[in-house]
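A.B. asks: Numbering (the numbering used here), first residue to last: 9 to 185.
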């Protein structure tokens, strides 16, 4: 009887470990390498050039140049696709960026979120999670950040400040057990 219980417990633990391992982190940001482009929206202000990074918005002065977002001032942002989820998540992000040549560059990131169990409730920017400031150099560097999202928390990722060349943005979401 004891052997059966022990084997059953071992199989249960092994199965749980497989389930956890089978649920890898999910990419929580779209087009983080800016490879997908779209014509600049007609209502966009401050975006130069003829194409822009799909899934990203901008408030400020920016241009998509050689696959990188050159952000003179302002922010780029994206709504994160984690909505109405009843479990918490650990978000881990990295921003690869450098300063504009000959300029002092600074970069910040923030999540602007709220708890919304019902999608009919209005969105609010009631929760702010800030990362940085990161001092930029002319050589690209990777700036990591992480935070926890509570159940039903959803919102936007904002990245910006001034004189930045943003090469990529990565953000993974892993369910917290």
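For glycine and all other residues, C-beta sits at the position ideal for the given N, C-alpha and C.
In chain order, what residues of the same chain lie with their CB nearer than 6 Å to the CB of residue 44, ignoring the 5 residues before and after it?
C.D. replies: For the purposes of this step, residue 44 is taken as residue 36 along the chain shown, with counting starting at 1. Cβ neighbours of residue 44 beyond the five flanking positions: 62.
A.B. asks: From what residue to what residue does the beta strand (DSSP E) around residue 171 run?
C.D. replies: As a first step, residue 171 must be located in the chain shown, where it is residue number 163. Counting along the chain, the beta strand (DSSP E) containing residue 171 begins and ends at 161 to 183.
A.B. asks: Are the CB atoms of residue 150 and residue 76 within a distance shorter than 7 Å?
C.D. replies: Indexing the chain shown from 1 puts residue 76 at position 68. Indexing the chain shown from 1 puts residue 150 at position 142. No. Outside cutoff.
A.B. asks: Can you give me the Cβ contacts of residue 81 inside the same chain, cut-off strictly under 7 Å, excluding the 5 residues immediately before and after it?
C.D. replies: Taking the first residue of the chain shown as 1, we reach residue 81 at position 73. Closer than 7 Å at Cβ, skipping near neighbours: 68, 69, 170.
A.B. asks: Among all the DSSP beta bridges, which residues are the ones paired with residue 101?
C.D. replies: Walking along the chain shown from the start, residue 101 turns up at place 93. BP columns for residue 101 point to 153, 179.
A.B. asks: Hey, is the segment 36 to 43 in contact with the segment 51 to 65, meaning 3+ C-beta pairs nearer than 8 Å?
C.D. replies: Yes, since at least three Cβ pairs between the segment 36 to 43 and the segment 51 to 65 fall closer than 8 Å, the two stretches touch.
A.B. asks: How should residue 173 be labelled, buried or exposed, when 16 other C-beta atoms within 10 angstroms of its C-beta is the threshold for buried?
C.D. replies: Counting from one through the chain shown, the residue named residue 173 turns up at place 165. So residue 173 ends up on the buried side.
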